[in-house]
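A quick write-up on the structure given underneath.
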Amino acid sequence: MSVPYETAAYEPPESPESPVEHLARLLGRALNSFELPDETIRRLDCALAHDSSLHSAHHSAGLHRETYRHTWLLADGSAVTLWELVHNTAPGSEPQHEVYVDEEELRAATARLPLPADTPDFELPVLVQLSPIPEPRHAYVPDDSADHARRLLRRAENPDRPGAELTSLLLREAFAHQITQAFGRPCRAGQAGLCFSLYEHAFLLRDGQEISLWEVEHTATPDRRHMCEVYTTEDAARDAMERRAARLG
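All the letters of the sequence shown, read from the start, carry residue numbers 0 to 248 under numbering that gives the first Met the number 0.
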C-alpha cells in the first residue's frame, strides 16, 4: 500500500548545510558512490546552492523504497542532479542508500529490488515538490569578486552610492561576477564631448543570490573631468545620467 511522505524511513535534514557538506553526506552513505564519474564530482566541488526533494515512494508488506532528487547550482549557471535510492530490501532490513547520475540508471536499479510489481508507486505531484533552483541570469566568472566590489565602490563619488550594509554583504559573500556594458538612453548627450557609459556589475553570492551594481562613467563635470557614480538599480543610474546631461547640456 502506498503511504504519505511523512511515514518514510528517511528524510532530508532540517538543519541547513552547505552544498559541499550535503554532497559529502550523500556520498558517504551511498554504497555505490565510487561508481560516480570523476567529472561529475569535480563539477560539484564548486556548487553554490542545492535543493533536495522526494521524487517517489513505495511501501508494501514491511518493505519500503524512496527515491530523492538532489540538485546543485554551479557557478556557471548550470545544474547537476543526482538521484538517490533508499530501500530496506537487503537481508536484515537495514536501510541501503544508492546514488545515480540519471533517471535511466535509477529505474534500472529500482527494477532489481524485490518489491511487489503490482503495487503502484506513490509520487509527489508537481505542486508539492520543492521549487527548482533558479539559474543565474549571467555567465559569471569565479574570481576575486569581493576585491572587485571594493574597488568599484571606492571610486564611486556620488553621495547616494550603496550603503554600508550592501557593501559589507558584497565584500563578505561575493563569489563570482560579470561586467557588461548597458546601452540605451542616453549613451552620449548634451554638448560635444559630453560622454556617458553605463555598466552593470553583476555579483553572484555564495548562497546563489544575485546582486547588481550599476556604474555610470561620465565627463559631465565643470572641467570635463572623468567621474564615476554607482547605483543599486538601472533606473537610478539612468536618471542620474539624464540629470547630469541636462545640467551641463
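Note that CB positions come from ideal geometry on N, CA and C, so glycine has one too.
Just verifying my parser: in three-state terms, what is the DSSP assignment at R224? Indexing the sequence shown from 1 puts residue 224 at position 225. Three-state result, R224: coil.
What is the C-beta distance between R205 and E172, in whole angstroms, given that I count them as a contact (C-beta under 8 Å)? The residue given as residue 205 occupies position 206 in the sequence shown. The residue given as residue 172 occupies position 173 in the sequence shown. Contact flag correct, Cβ pair sits at about 5 Å.
Selection from S17, L169, A56 that minimises the alpha carbon distance to L249: Absent from the structure is residue 249, since the part of the chain shown begins at 0 and ends at 248.
Got a sec? Which residues, its chain only, sit under 7 Å from L152 by beta carbon, not counting five neighbours each side? As a working mapping, residue 152 is identified with position 153 in the sequence shown. Same-chain partners within the cutoff: R160, P161, T166, V229.
Could you check how far apart the C-beta atoms of L81 and H69 are, in whole angstroms? I think they sit under 8 Å. Numbered from 1 along the sequence shown, position 82 holds the residue referred to as residue 81. Numbered from 1 along the sequence shown, position 70 holds the residue referred to as residue 69. Correct: roughly 5 Å between the Cβ atoms.
For V125, count the other beta carbons within 10 Å of its own beta carbon; 16 or more makes it buried, fewer makes it exposed. Which is it? Looking up residue 125 in the sequence shown gives position 126. Residue confidence is low: V125 scores 40 on pLDDT, short of 50, so the model does not pin down where it sits. Its coordinate-derived value is still stated next. For V125, the number of other beta carbons within 10 angstroms of its own is below 16, and it is reported as exposed.
Sequence-distant residues of the same chain with beta carbon closer than 6 Å to T231, five excluded per side: Along the sequence shown, read from residue 1 onward, the residue named residue 231 stands at position 232. Counting only Cβ-Cβ distances below 6 Å, and skipping sequence neighbours, we find P161.
In angstroms with no decimal places, state the Cα-to-Cα distance between L47 and H57. Indexing the sequence shown from 1 puts residue 47 at position 48. Indexing the sequence shown from 1 puts residue 57 at position 58. The alpha-carbon atoms of L47 and H57 are separated by roughly 32 Å.
Consult DSSP for E214 and reduce its assignment to one of helix, strand or coil. As a working note, residue 214 is residue 215 in the sequence shown. Three-state result, E214: strand.
What residue from L203, W213, Y139 has the CA that sits closest to A155's CA? Reading the sequence shown from its first residue, position 156 is the one you call residue 155. Per the Cα distances, W213.
Using a Cβ-Cβ cutoff of less than 8 Å, which residues in the same chain neighbour V79 once the five nearest sequence positions on both sides are dropped? Stepping through the sequence shown from its first residue, residue 79 is reached at position 80. Excluding sequence neighbours, V79 sits near T39, R42, L43, A46, T70, W71, L73.
Rounded straight-line distance, which links the Cα of G27 to that of A110: The residue given as residue 110 occupies position 111 in the sequence shown. The residue given as residue 27 occupies position 28 in the sequence shown. Their backbone Cα atoms lie some 24 Å apart in a straight line.
Let's test the definition: count the other Cβ atoms within 10 Å of the Cβ of S92 and tell me whether it reaches 16, buried, or not, exposed. For this step, residue 92 is matched to residue 93 along the sequence shown. Exposed is the call here.
For S77, count neighbouring Cβ atoms within 10 angstroms of its own Cβ and tell me buried if that reaches 16, exposed if not. On the sequence shown, residue 77 is found 78 positions in, with the first residue counted as 1. Per the 10 Å Cβ criterion, exposed.
Return the CA-CA distance between Y67 and S52, expressed in angstroms with no decimal places. For the purposes of this step, residue 67 is identified with residue 68 of the sequence shown, where counting begins at 1. For the purposes of this step, residue 52 is identified with residue 53 of the sequence shown, where counting begins at 1. Inter-residue distance for Y67 and S52 is about 6 Å (C-alpha atoms, whole angstroms).
So A219 and E209 are supposed to be a Cβ contact under 8 Å. How far apart are they, rounded? Position 220 of the sequence shown holds residue 219. Position 210 of the sequence shown holds residue 209. The pair is not a contact, with the Cβ atoms about 30 Å apart (cut-off 8 Å).
For H63, count neighbouring C-beta atoms within 10 Å of its own C-beta (all shown protein chains included) and say buried if the count is 16 or more, exposed if not. Looking up residue 63 in the sequence shown gives position 64. H63 should be labelled buried.
Just mark H225 as buried or exposed, buried being the case when its beta carbon has 16 or more other beta carbons within 10 Å. What you label residue 225 is simply residue 226 of the sequence shown in a count that begins at 1. Its Cβ having fewer than 16 others within 10 Å, H225 is exposed.
Host alpha helix (DSSP H) of D146 (start-end): Walking along the sequence shown from the start, residue 146 turns up at place 147. Judged by DSSP secondary structure, D146 falls within the alpha helix (DSSP H) whose first and last residues are 144-153.
Report the residue from C227, R246, V215 whose alpha carbon sits nearest the alpha carbon of A236. The sequence position of residue 236 within the sequence shown is 237, counting from 1. Looking only at C227, R246, V215, the smallest Cα-Cα distance to A236 is reached by V215.
Coarse secondary structure for T88, derived from DSSP in three states: Within the sequence shown, residue 88 is the residue found at index 89, counting from 1. Residue state, collapsed to three classes: coil.
Does the separation of the CB atoms of E97 and N157 fall below 8 Å? As a first step, residue 97 is located in the sequence shown; it is residue number 98 there, counting from the start. As a first step, residue 157 is located in the sequence shown; it is residue number 158 there, counting from the start. Cβ atoms of E97 and N157: not closer than 8 Å.
When burial is assigned at 16 or more other CB atoms within 10 Å of the CB, is A175 buried or exposed? Residue mapping note: residue 175 aligns to position 176 of the sequence shown, counting from 1. Counting Cβ neighbours within 10 Å, A175 comes out buried, since at least 16 surround it.
Given D142, which residues of its chain have a CB within under 7 Å of its CB, disregarding the five upstream and five downstream residues? Counting from 1 along the sequence shown, the entry for residue 142 is found at position 143. Once the five neighbours on either side are set aside, the close Cβ partners of D142 are A175, H176.
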